[in-house]
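J.: Input: one structure, supplied below.
Number of protein chains: 4
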Amino acid sequence: MLSHMVNIRIFDTDMLGHCHHLAPAMWFEEARDAIFEIFNPEMSKEKWNLILVRLEMDYVGQIQFTERKIEIRTWVSKLGKSSIHVSHAAYLADGTCVARGGVAMVYFDFKNQRPQPIPEEIREKLIPHMDADCPYHLSGGK
Amino acid sequence: MLSHMVNIRIFDTDMLGHCHHLAPAMWFEEARDAIFEIFNPEMSKEKWNLILVRLEMDYVGQIQFTERKIEIRTWVSKLGKSSIHVSHAAYLADGTCVARGGVAMVYFDFKNQRPQPIPEEIREKLIPHMDADCPYHLSGGK
Amino acid sequence: MLSHMVNIRIFDTDMLGHCHHLAPAMWFEEARDAIFEIFNPEMSKEKWNLILVRLEMDYVGQIQFTERKIEIRTWVSKLGKSSIHVSHAAYLADGTCVARGGVAMVYFDFKNQRPQPIPEEIREKLIPHMDADCPYHLSGGK
Amino acid sequence: MLSHMVNIRIFDTDMLGHCHHLAPAMWFEEARDAIFEIFNPEMSKEKWNLILVRLEMDYVGQIQFTERKIEIRTWVSKLGKSSIHVSHAAYLADGTCVARGGVAMVYFDFKNQRPQPIPEEIREKLIPHMDADCPYHLSGGK
Numbered sequence: 037m038l039s040h041m042v043n044i045r046i047f048d049t050d051m052l053g054h055c056h057h058l059a060p061a062m063w064f065e066e067a068r069d070a071i072f073e074i075f076n077p078e079m080s081k082e083k084w085n086l087i088l089v090r091l092e093m094d095y096v097g098q099i100q101f102t103e104r105k106i107e108i109r110t111w112v113s114k115l116g117k118s119s120i121h122v123s124h125a126a127y128l129a130d131g132t133c134v135a136r137g138g139v140a141m142v143y144f145d146f147k148n149q150r151p152q153p154i155p156e157e158i159r160e161k162l163i164p165h166m167d168a169d170c171p172y173h174l175s176g177g178k
Numbered sequence: 037m038l039s040h041m042v043n044i045r046i047f048d049t050d051m052l053g054h055c056h057h058l059a060p061a062m063w064f065e066e067a068r069d070a071i072f073e074i075f076n077p078e079m080s081k082e083k084w085n086l087i088l089v090r091l092e093m094d095y096v097g098q099i100q101f102t103e104r105k106i107e108i109r110t111w112v113s114k115l116g117k118s119s120i121h122v123s124h125a126a127y128l129a130d131g132t133c134v135a136r137g138g139v140a141m142v143y144f145d146f147k148n149q150r151p152q153p154i155p156e157e158i159r160e161k162l163i164p165h166m167d168a169d170c171p172y173h174l175s176g177g178k
Numbered sequence: 037m038l039s040h041m042v043n044i045r046i047f048d049t050d051m052l053g054h055c056h057h058l059a060p061a062m063w064f065e066e067a068r069d070a071i072f073e074i075f076n077p078e079m080s081k082e083k084w085n086l087i088l089v090r091l092e093m094d095y096v097g098q099i100q101f102t103e104r105k106i107e108i109r110t111w112v113s114k115l116g117k118s119s120i121h122v123s124h125a126a127y128l129a130d131g132t133c134v135a136r137g138g139v140a141m142v143y144f145d146f147k148n149q150r151p152q153p154i155p156e157e158i159r160e161k162l163i164p165h166m167d168a169d170c171p172y173h174l175s176g177g178k
Numbered sequence: 037m038l039s040h041m042v043n044i045r046i047f048d049t050d051m052l053g054h055c056h057h058l059a060p061a062m063w064f065e066e067a068r069d070a071i072f073e074i075f076n077p078e079m080s081k082e083k084w085n086l087i088l089v090r091l092e093m094d095y096v097g098q099i100q101f102t103e104r105k106i107e108i109r110t111w112v113s114k115l116g117k118s119s120i121h122v123s124h125a126a127y128l129a130d131g132t133c134v135a136r137g138g139v140a141m142v143y144f145d146f147k148n149q150r151p152q153p154i155p156e157e158i159r160e161k162l163i164p165h166m167d168a169d170c171p172y173h174l175s176g177g178k
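Protein chains in written order, with the working numbering: chain X, 37 to 178; chain R, 37 to 178; chain H, 37 to 178; chain P, 37 to 178.
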């Protein structure tokens with residue numbers, strides 16, 4: 037499990053007074069950088085090799101700006117031949133989980149526009165992030 | 037089925053050259069206004085009565101800025117006692133579907149912070165948008 | 037003067053109940069497409085030839101989601117050898133101006149990373165959008 | 037001068053491969069929290085007392101996602117009876133400044149919708165952030 041702190045922004049909030057439903061998706065993407073780095077250590081767009089094919093999110097509680105910071109925990113929740121599920125959950129300072137979800141991504145050759153098998157050396161670095169305590173598994177998608 | 041056109045913005049794109057995965061979620065929210073209006077004709081924040089509890093999205097194809105416009109089609113895909121599923125799909129000008137997904141929302145009393153049953157007069161206005169051709173049903177959530 | 041209508045999104049609002057200060061900047065960018073098309077009719081990223089060097093915005097009034105739609109008017113407010121100022125103003129349905137501002141952009145060769153003179157055939161298409169009624173001129177920048 | 041680090045997000049980038057022009061404005065807002073806290077220590081929306089009336093930004097260099105982190109420095113650049121200018125600049129790890137700008141805000145009574153004088157106890161906490169090395173002063177606005 038990977039842990040990453042994000043600051044809540046006023047930009048993240050909406051007229052209902054709480055965080056907009058897309059704010060956790062933005063935070064989850066930032067937390068996913070740790071996974072992206074395993075696939076593409078330079079993080080260059082020229083060598084980008086993952087394409088997002090599915091997004092799921094459960095909103096468990098309302099998130100107020102006054103929380104100021106949110107902890108995002110990240111897990112590898114499934115590892116296929118050429119696909120990976122990455123799950124995330126957002127926690128307040130008191131430990132309350134307020135959102136959880138995940139994405140399915142495909143290891144992708146953008147030049148030839150086709151999936152490719154995830155190499156063994158990458159799989160080895162992903163496996164340590166597959167924990168039994170992962171609180172979310174994707175219910176749909178490939 | 038409801039149809040709504042949105043303009044793709046440069047803001048919607050990312051460094052991989054296509055639209056970011058959250059762009060369709062923003063467009064779907066804009067398309068959902070037609071549903072929000074059934075629940076809250078004035079669209080005032082003081083009378084807002086829906087809370088989003090789940091989001092799902094399948095990314096079927098990459099969306100280029102050069103498409104310029106996207107058609108978002110919207111359906112009521114499930115109607116529970118106090119919950120509603122709204123499904124959306126995004127189509128290019130040539131009819132290709134590039135993204136589909138949906139949200140689960142709860143008819144919610146924000147003052148007392150609890151779900152409430154969807155009134156009959158609202159249900160009657162939602163039912164015409166439940167079509168057999170709806171291409172997406174939520175696979176998870178309540 | 038060019039006129040373009042945008043729908044206000046819930047995403048555009050913030051916890052103070054009105055539209056976030058970056059919402060008009062997103063709308064102005066969408067309205068600027070009409071100018072981008074003069075410079076790059078295909079609107080392809082490969083042929084993109086403008087780089088934004090300055091942004092200015094005056095917030096004249098608060099914008100409520102209940103307005104639903106905003107008219108964005110766009111002018112060419114200055115035309116230099118290789119630079120252009122584009123001004124925008126946002127109007128409510130009752131004609132009230134709620135935000136005005138502009139951007140300075142440079143006609144730019146991204147491959148060689150340098151400014152280039154705006155060609156005469158482009159200038160001719162820009163000049164009709166330089167109107168005396170333009171309500172905003174940039175106060176700083178090149 | 038206040039210093040704050042932000043992570044660049046994929047969401048911040050656009051199809052031209054670099055960060056979108058609104059990304060620095062989002063980062064500057066996050067950095068401004070240190071100023072907001074002086075005005076409203078609880079950071080609650082009910083006690084919010086600043087309204088943004090002007091935004092200016094100079095884009096000095098292109099920002100690549102591969103930079104990963106950006107340092108945002110923040111200054112109080114002008115202190116009026118009821119208004120404040122806050123300036124920001126964004127720096128790469130090698131010390132290069134890539135964007136600078138600022139906002140004008142008014143100390144505002146949202147209930148009665150009118151400006152109010154900034155209290156002495158708040159002014160005292162702002163003055164230490166008015167440094168001679170501030171690299172940006174607003175060229176327009178009140």
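Think of the CB as a built atom: it goes at the ideal place given N, C-alpha and C, for glycine as much as any other residue. Quick caveat, the model's predicted, so the values are computed rather than measured.
Can you round the beta-carbon distance between residue 170/X and residue 119/X to whole angstroms, since I take them to be within the 8 Å contact cut?
T.: Incorrect: roughly 16 Å between the Cβ atoms, too far for contact.
J.: So which residues of chain X does residue 41/R contact, with C-beta pairs closer than 9 Å?
T.: Under the 9 Å cutoff, chain X gives no residues; its nearest Cβ is about 21 Å from residue 41/R.
J.: Against residue 46/H, what residues of chain R qualify as contacts under a CB-to-CB distance less than 7 Å, listed in chain order?
T.: Simply 65.
J.: One question on the structure: do residue 140/P and residue 174/P come within less than 8 Å of each other, judged by their Cβ atoms?
T.: Yes.
J.: So, for residue 76/H: in the same chain, excluding its five sequence neighbours on each side, which residues have a beta-carbon less than 8 Å away from its beta-carbon?
T.: So the list reads 83, 84, 85, 86, once near-sequence residues are dropped.
J.: Quick check for students: name the residue ranges of the beta strand (DSSP E) that lie wholly in the segment 107-169 of chain P, counting only runs of 3 or more.
T.: Those beta strand (DSSP E) runs which fall completely within the segment 107-169 of chain P and span 3+ residues are 119-127, 133-145.
J.: Is the CB of residue 84/R under 8 Å away from at least one CB in chain X?
T.: Yes, its Cβ sits closer than 8 Å to a Cβ of chain X.
J.: Taking 8 Å as the limit between beta carbons, can you name the residues of its chain near residue 136/P, skipping five residues before and five after?
T.: Cβ within range, chain order: 93, 94, 96, 123, 124, 125, 126, 171, 172.
J.: Tell me whether residue 79/R sits in a helix, a strand or coil according to DSSP, three-state version.
T.: In this structure, residue 79/R counts as coil in the three-state DSSP scheme.
J.: Flag this pair as yes or no: are the beta carbons of residue 132/X and residue 68/X separated by less than 8 Å?
T.: Not in contact: residue 132/X and residue 68/X (Cβ atoms no closer than 8 Å).
J.: So is residue 161/R buried or exposed if we call it buried at 16+ other beta carbons inside 10 Å?
T.: By the neighbour-count rule (16 or more Cβ atoms within 10 Å), residue 161/R is not buried but exposed.
J.: Tell me the rounded alpha-carbon separation between residue 88/H and residue 42/R.
T.: Near 24 Å, if we compare the C-alpha coordinates of residue 42/R and residue 88/H.
J.: Whole-angstrom Cβ separation of residue 57/X and residue 49/X, contact assumed at under 8 Å?
T.: Wrong, their Cβ atoms sit about 11 Å apart, outside the cutoff.
J.: Flag residue 56/H as yes if its beta-carbon sits less than 8 Å from any beta-carbon of chain X, otherwise no.
T.: It does; some Cβ of chain X falls within 8 Å.
J.: For the segment 77-106 of chain R, list every residue whose C-beta sits within 7 Å of some C-beta in chain X, in sequence order.
T.: Hits within the stretch, in order: 81, 84, 88, 89, 90, 91, 92, 93, 94, 95.
J.: Figure out for me which residue from 129/X, 154/X, 147/X has the closest Cα to the Cα of residue 72/X.
T.: Taking only the C-alpha atoms, the option nearest residue 72/X is 154/X.
J.: In the DSSP assignment, find the unbroken beta strand (DSSP E) run with residue 51/X in it and report its ends.
T.: Careful: residue 51/X lies outside any beta strand (DSSP E) and carries neither H nor E.
J.: Helix, strand or coil for residue 99/H per DSSP?
T.: Here residue 99/H sits in coil by DSSP.
J.: Is residue 51/X close to chain H? Criterion is C-beta to C-beta, closer than 8 Å.
T.: Output row for residue 51/X: interface = yes.
J.: So the candidates are 147/H, 164/H, 99/H, 79/H; which of them puts its Cα closest to the Cα of residue 59/H?
T.: Of 147/H, 164/H, 99/H, 79/H, the residue nearest in Cα terms is 99/H.
J.: Looking only at its own chain, which residues have a Cβ that is under 6 Å from the Cβ of residue 101/H, when we skip the five neighbours before and after it?
T.: So the list reads 44, 49, once near-sequence residues are dropped.
J.: Hey, residue 108/H and residue 40/H are a contact pair by Cβ (cut 8 Å); roughly how many whole angstroms apart?
T.: The Cβ separation is near 5 Å, so the contact holds.
J.: Look at the alpha carbon of residue 129/P and the alpha carbon of residue 62/R, and state the distance between them as a whole number of angstroms.
T.: Cα to Cα, the separation comes out at about 33 Å.
J.: Rounded to a whole number of angstroms, what is the C-alpha to C-alpha distance between residue 32/P and residue 74/X?
T.: The structure shown does not extend to residue 32/P, since chain P is modelled only from 37 through 178, so no value can be given for it.
J.: Tell me where the beta strand (DSSP E) around residue 62/X begins and ends.
T.: Looking at the DSSP string, residue 62/X is not in any beta strand (DSSP E); the run it does join, the alpha helix (DSSP H), is 59-67.
J.: Name, please, each residue of chain X whose Cβ falls closer than 8 Å to the Cβ of residue 168/R.
T.: The contacting residues do not exist; residue 168/R stays about 20 Å from chain X at best.
J.: Short of 9 Å Cβ to Cβ, which residues in the segment 132-160 of chain R face chain H?
T.: So the list is empty, because no residue satisfies the distance condition.
J.: Does the beta-carbon of residue 116/X, which I'm using as the reference point, lie nearer than 7 Å to any heavy atom of the ligand MG?
T.: No copy of the ligand MG appears in this structure; indeed no ligand is present at all.
J.: Measuring alpha carbon to alpha carbon, tell me which of 134/R, 142/R, 104/R ends up nearest residue 117/R.
T.: Closest by alpha carbon: 142/R.
J.: For residue 91/H and residue 106/P, what's the separation of their Cα atoms in angstroms?
T.: Their backbone Cα atoms lie some 20 Å apart in a straight line.
J.: Among 147/H, 164/H, 46/H, which one has its Cα closest to the Cα of residue 113/H?
T.: Per the Cα distances, 164/H.
J.: Along the beta strand (DSSP E) that carries residue 41/X, what are the first and last residues, could you check?
T.: 38-43 is the extent of the beta strand (DSSP E) around residue 41/X.
J.: Would you mind sorting residue 147/P into buried or exposed? The rule is 16 or more other CB atoms within 10 Å of its CB.
T.: Residue 147/P comes out exposed.
J.: Could you check whether the Cβ of residue 175/P sits closer than 8 Å to any Cβ belonging to chain H?
T.: Cβ-Cβ to chain H under 8 Å: yes for residue 175/P.
J.: Determine which residues share a DSSP beta bridge with residue 90/H and list them.
T.: According to DSSP, which records beta bridges pairwise, residue 90/H is partnered with 140/H, 94/P.
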